[in-house]
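In mature numbering (1 follows the signal peptide of the UniProt record, and there is no 0), the protein residues as written are -24 to -1, 1 to 450.
As structure tokens, this is what we get:
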């Protein structure tokens, strides 16, 4: 026995020297096997857009020719594809059983004329309203795919300039809260009320507004997408991938550089979002990269329908403004819960972990200035001004969130977590977290946190400030 102990003790000492190993993640819940598209369209028939009149000169508007090819493919099932070149187009609409293949050497150029994007009923930033169709649309369909190594260029700069001009005017009038909804700008790719949709391999750049919007849909795969929205400027609200009141969505192997949230989950805003009351749930985001942008992984601020049953893992960020970001406002309502974030690397991220329930008040709270008559306002203005009653219904809740195996360097503030006196940040678990930066940060209005292996090296040498909190286990 003494011989065995004499042999084991040096080994045990060495293991102890190595430190605590990364926290082992629990087994995946059963729903993980169900995420993503369950089928792909047949590919035996090929439809070249040139045969339907498309011209690859970057100048001729090819909307009708491309749509004719799509309509022909929909009758038999098959692949719509392109010879090398640049194809200018307005909104096109994919249909059941069709694969849109954009090969390497092909660029679809979005029209810079708003008239080439017909208005459709949709939801924008949490509010249902009429809005321009996207450049590429999958509406009320199933078994559809977009594939290839080519590029979809939204050519969004004129729409960015339109927004900033309107923003200057609206801010001066106290209308910051509505300008985003009045400045109609086309998204690049919209999947709405559809199922079994695969998006694979393409590059999307210079979006006029959001890049990929997955709305009211289920069983969608986004695999290997590249987003580059900061070419030739910094487009406002050019989110990367927005998953909006949708379920069983798989996002993997994507690389996003944008000017707002990179990978974002949404579920409706305020009175209108509470009316619709559709959650975003059963979402797996894995093995992705973010460059510029507002948030590596964001839940909100549109939380009204609830966001739950989410795993985000194997994510990397370099130079992104924020890392793991939960945000809402006191009139949003909804519950953000059962969120697992693990195996994360960040470099140069301003705040690696950030949470607030009172985000961006100038944008989040709608007040009609003097001089307007509410009865004559546009319908979407009325929705934004509708009061959430009772008031408690507008209180958001964040609970049951687990963050583990996170490494961040070059942060400004390690953690900024702020609940509300009436809605504490409940039952969070932080495990094996290592952050170096200027400040450790703060936790305010929290309850029932379990913190293990938290290593924050702050230049100011002050610890995390914990206030108005109870049941915190460090």
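All C-beta atoms, glycine included, are put in the ideal place defined by N, C-alpha and C. No experiment lies behind these values; they were computed from the predicted model shown.
Is residue i helix, strand or coil by DSSP?
i	result
residue 249	helix
residue 322	strand
residue 340	helix
residue 133	helix
residue 9	helix
residue 278	coil
residue 353	coil
residue 42	helix
residue 288	strand
residue 367	helix
residue 143	helix
residue -15	Unreliable placement is indicated for residue -15, whose pLDDT of 35 sits below 50; no coordinate value is reported for it.
residue -24	Confidence is the limiting factor: at residue -24 the pLDDT is only 36, short of 50, which leaves the residue's position unreliable, though a coordinate-based value still follows. Residue state, collapsed to three classes: coil.
residue 30	coil
residue 384	strand
residue -10	Residue placement at residue -10 is flagged as unreliable, the pLDDT there being 34, under the threshold of 50; the coordinate-derived value follows with that caveat. Note: residue -10 maps to helix in three-state DSSP.
residue -5	Residue placement at residue -5 is flagged as unreliable, the pLDDT there being 47, under the threshold of 50; the coordinate-derived value follows with that caveat. Residue -5 falls in the coil class under three-state DSSP.
residue 176	strand
residue 59	coil
residue 148	helix
residue 449	strand
residue 138	helix
residue 415	strand
residue 194	strand
residue 14	coil
residue 47	helix
Using the rule of at least 16 other Cβ atoms within 10 Å of the residue's Cβ for burial, across every protein chain shown, is residue i buried or exposed?
i	result
residue 431	exposed
residue 71	buried
residue 447	exposed
residue 93	buried
residue -21	Legend: pLDDT at residue -21 = 36, less than 50; position of this residue unreliable, value from coordinates given subsequently. Residue -21 should be labelled exposed.
residue 335	buried
residue 285	buried
residue 469	The first residue shown for the chain is -24 and the last is 450, placing residue 469 beyond what the model contains.
residue 438	exposed
residue 210	exposed
residue 320	buried
residue 150	exposed
residue -6	Low confidence applies here, because residue -6 scores a pLDDT of 42, under 50, leaving its location unreliable; read the following figure in that light. Residue -6 comes out exposed.
residue 139	buried
residue 441	exposed
residue 449	exposed
residue 59	exposed
Terminal residues of the continuous beta strand (DSSP E) containing residue i?
i	result
residue 107	103 to 108
residue 88	It is not in any beta strand (DSSP E) - residue 88 carries neither H nor E in the DSSP assignment.
residue 331	327 to 332
residue 260	256 to 266
residue 118	118 to 123
residue 202	202 to 204
residue 429	426 to 434
residue 298	298 to 303
residue 75	74 to 77
residue 242	237 to 242
residue 23	22 to 24
residue 168	165 to 168
residue 98	95 to 100
What are the partner residues of residue i, as DSSP defines its beta bridges?
i	result
residue 69	113
residue 52	The partner list for residue 52 (beta bridge, DSSP) is empty, contrary to what the question assumes.
residue 420	394 and 443
residue 377	315 and 404
residue 224	DSSP output for residue 224 lists no bridge partner at all.
residue 231	202 and 265
residue 273	239 and 300
residue 293	266 and 322
residue 218	189 and 240
residue 438	In the DSSP output, where bridge partners are listed per residue, residue 438 has none listed.
residue 83	62 and 127
residue 409	382 and 430
I think residue i touches residue j, with their Cβ atoms under 8 Å apart; what is that distance to the nearest whole Å?
i	j	result
residue 190	residue 215	That pair is no contact at about 11 Å.
residue 165	residue 188	5 Å
residue 229	residue 264	7 Å
residue 400	residue 423	4 Å
residue 403	residue 380	Not really, about 14 Å apart at Cβ, beyond 8 Å.
residue 418	residue 392	6 Å
residue 75	residue 162	The Cβ separation is near 23 Å, so there is no contact.
residue 66	residue 130	Not a contact, Cβ separation roughly 12 Å.
residue 243	residue 281	4 Å
The alpha helix (DSSP H) with residue i in it runs from where to where?
i	result
residue 156	152 to 158
For the ligand GTP, is there a heavy atom less than 7 Å away from the beta-carbon of residue i?
i	result
residue 338	The model on display carries no ligand, and the ligand GTP is accordingly not part of it.
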